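Residue numbers (UniProt numbering), protein chains in the order written: chain A, 1 to 369; chain B, 1 to 118.
Below: the structure, in structure tokens.
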């Protein structure tokens, strides 16, 4: 355990009674005394504060930084307005996904937020792919997420102006001398904000948020069930180096200007494979899965098209219990021709249990667009 | 009441032994969302996995605490798994008879179990 990094707010997590687990190279809070179920439901009903400081915050500067990033990301980066954020992927030459990320136009630079477990590898990809730009992984900022229907009122009371932001806006704010970078986004299916705060003021800021009666600290356990209900894929499970954007259902993140025949078509790793798939389709796709009984189907459960079939036709990549849905839920890969409503069979401890292929999400996101 | 190192409690009532998991175990598991019970009449061997219990976090098993036969299961748990978190001492999983009742004498009592988990 000694090689695990600690979060800037580790002392606060201990004080709040968090149960810590290793995740992405960090000792991270998986739950607080309220427990995963109560935390999940609290975020849906009111608001929760998440410490996601393990994620990488990267500054990209230099000549034509946005156009340059398009060499690595199949998204419309150059067309993104100042103060706006967008979802993207770092792709691989074979059409797989090296990581997914958020990028924002901050005027004279871009701010990227990448997955904690991937940030060092991402830095290698970014520095190698962008030799004329400067790429800096920040080590002096914490990242907090405030999510849920009460998030807007809680943050507005602390940082006037936050409520005026809409989904995927990103702006700088001052809070008691602290330089906050706030985006209206998150990974729970709720309205909410992600707040980058200098480490020196992070604990004070977090305590001020938690002082609000509507806000509860939330661990990784509920973060996982919230994002699963909202149909959001987790890099490393639902999206990997072995899945293409098309297979993973992420073609919406490849804007028209980057597609075949458009002004800035291609030019990113794996463009030939990825653009061909956009035209011709793929053999498999990511989908929602609703187990019929009460038994959860977790990551790694193999899917079969009949109780007798000997060869699997798909796999569960994320699964568990959905507290808001009130039933087990999962996502995974199935043959492209298998439509919503089809019954497949998941192998759970040697039993073939029925599971219905279902469109995502299980919970309709409540973003403020 | 007797306790095992696998965090089960056993309540012997004239040779019919009621089995559940301790509050300590329920807290460690977290919110229980699924329970799969053994069939009534099944002959079990000590250490055999006979109950599947899934929480929001992970799947785990309850092991047969003794050699014997399952005589009754608590079907309420299959419908309402959360009962385990509400009151672990009341949420029994199964009842059994045993061919090795003397083994219960070597199990921990309440004080012994408290020392064991601390």
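Think of the CB as a built atom: it goes at the ideal place given N, C-alpha and C, for glycine as much as any other residue.
Everything numeric in this text was worked out from a predicted model, so none of it was measured.
Closer than 8 Å at the beta carbon, the chain A residues around residue i
i, result
"residue 36 of chain B", "295"
Sheet register partners of residue i (DSSP bridge)
i, result
"residue 69 of chain B", "B:43, B:97"
"residue 31 of chain A", "A:19"
"residue 367 of chain A", "Answer by DSSP bridge pairing: none, since residue 367 of chain A is not bridged."
"residue 19 of chain B", "B:10, B:94"
"residue 142 of chain A", "A:197"
"residue 237 of chain A", "Answer is none; residue 237 of chain A lacks a bridge partner."
"residue 370 of chain A", "The structure shown has nothing for residue 370 of chain A, since chain A only spans 1 to 369."
"residue 90 of chain A", "A:99"
"residue 353 of chain A", "A:346"
"residue 49 of chain B", "B:63"
"residue 358 of chain A", "A:288"
"residue 2 of chain B", "B:10"
"residue 136 of chain A", "A:59"
Beta-carbon proximity check, residue i vs residue j, cutoff 9 Å
i, j, result
"residue 199 of chain A", "residue 140 of chain A", "yes"
"residue 32 of chain A", "residue 219 of chain A", "yes"
"residue 33 of chain B", "residue 56 of chain B", "yes"
"residue 379 of chain A", "residue 257 of chain A", "Summary: the structure shown does not reach residue 379 of chain A, with chain A confined to residues 1 through 369, and so no result is reported for it."
"residue 291 of chain A", "residue 54 of chain B", "no"
"residue 6 of chain B", "residue 101 of chain B", "no"
"residue 117 of chain A", "residue 24 of chain A", "yes"
"residue 134 of chain A", "residue 214 of chain A", "no"
"residue 326 of chain A", "residue 94 of chain A", "no"
"residue 49 of chain A", "residue 144 of chain A", "yes"
"residue 357 of chain A", "residue 338 of chain A", "yes"
"residue 202 of chain A", "residue 16 of chain A", "no"
"residue 17 of chain B", "residue 104 of chain B", "yes"
"residue 233 of chain A", "residue 99 of chain A", "no"
"residue 48 of chain B", "residue 73 of chain B", "no"
"residue 21 of chain A", "residue 28 of chain A", "yes"
"residue 103 of chain A", "residue 111 of chain A", "yes"
"residue 96 of chain A", "residue 282 of chain A", "no"
"residue 123 of chain A", "residue 250 of chain A", "no"
"residue 371 of chain A", "residue 180 of chain A", "Past the edges of chain A, shown from 1 to 369, lies residue 371 of chain A, and the structure says nothing about it."
"residue 66 of chain B", "residue 10 of chain B", "yes"
"residue 301 of chain A", "residue 346 of chain A", "yes"
Other residues of its chain near residue i: CB distance less than 8 Å, five sequence neighbours each side excluded
i, result
"residue 333 of chain A", "243, 247, 284, 285, 286, 287, 314, 315, 317"
"residue 132 of chain A", "62, 63, 68"
"residue 42 of chain B", "50, 69, 70"
"residue 260 of chain A", "266, 275, 278, 279"
"residue 322 of chain A", "225, 228, 229, 328, 329, 362, 363"
"residue 109 of chain A", "59, 60, 61, 65"
"residue 110 of chain B", "1, 3"
"residue 331 of chain A", "228, 231, 233, 238, 286, 287, 288, 289, 316, 317, 318, 319, 360"
Closer than 9 Å at the beta carbon, the chain B residues around residue i
i, result
"residue 36 of chain A", "30, 31, 55, 56, 57"
"residue 225 of chain A", "56"
"residue 237 of chain A", "The premise fails here: residue 237 of chain A is roughly 15 Å from chain B at the closest Cβ pair, so nothing lies under 9 Å."
"residue 147 of chain A", "Chain B residues near residue 147 of chain A: none, gap ~18 Å exceeds 9 Å."
Per-residue contacts from residue i into chain A (C-beta, under 7 Å)
i, result
"residue 40 of chain B", "None at all; the shortest Cβ gap to chain A is about 19 Å."
"residue 52 of chain B", "349"
Contacts of residue i in chain B (Cβ-Cβ under 7 Å)
i, result
"residue 320 of chain A", "56"
Within chain B, partners of residue i - CB distance below 8 Å
i, result
"residue 219 of chain A", "Result: empty, since nearest Cβ-Cβ is about 10 Å, beyond 8 Å."
Sequence-distant residues of the same chain with beta carbon closer than 6 Å to residue i, five excluded per side
i, result
"residue 130 of chain A", "68"
"residue 107 of chain A", "82"
"residue 1 of chain A", "Caution is warranted here: a pLDDT of 45 is assigned to residue 1 of chain A, below 50, making its placement in the model unreliable, and no coordinate value can be reported."
"residue 56 of chain A", "114, 119, 137"
"residue 35 of chain B", "53, 77, 78, 81"
"residue 117 of chain B", "24"
"residue 342 of chain A", "357"
"residue 324 of chain A", "44, 229, 363"
"residue 167 of chain A", "184, 367, 368, 369"
"residue 126 of chain A", "135"
"residue 365 of chain A", "189, 230"
"residue 54 of chain A", "24, 26, 116"
"residue 46 of chain A", "148, 150, 214"
Close beta carbons around residue i, own chain, < 7 Å, minus the five adjacent residues each side
i, result
"residue 359 of chain A", "288, 340"
"residue 5 of chain A", "25, 26"
"residue 192 of chain A", "145, 146, 147, 148, 151, 186"
"residue 64 of chain B", "44, 45, 46, 47, 48, 50"
"residue 178 of chain A", "197, 198, 201, 205"
Cβ-heavy atom distance, residue i to the ligand SAM, below 8 Å
i, result
"residue 234 of chain A", "Absence of the ligand SAM is noted for the structure shown, with no ligands found whatsoever."
In chain order, each beta strand (DSSP E) run of at least 3 residues that lies wholly inside the segment 282 to 344 of chain A: Complete beta strand (DSSP E) runs here, min 3: 284 to 291, 302 to 304, 314 to 322, 327 to 335.
Entirely enclosed beta strand (DSSP E) segments - the segment 24 to 76 of chain A, minimum 3 residues: Listed in chain order, the complete beta strand (DSSP E) runs (minimum 3 residues) inside the segment 24 to 76 of chain A are 26 to 31, 47 to 51, 56 to 61.
Minimum length 3: unbroken beta strand (DSSP E) runs contained in the segment 159 to 227 of chain A: Runs found: 170 to 175, 178 to 183, 192 to 198, 215 to 217.
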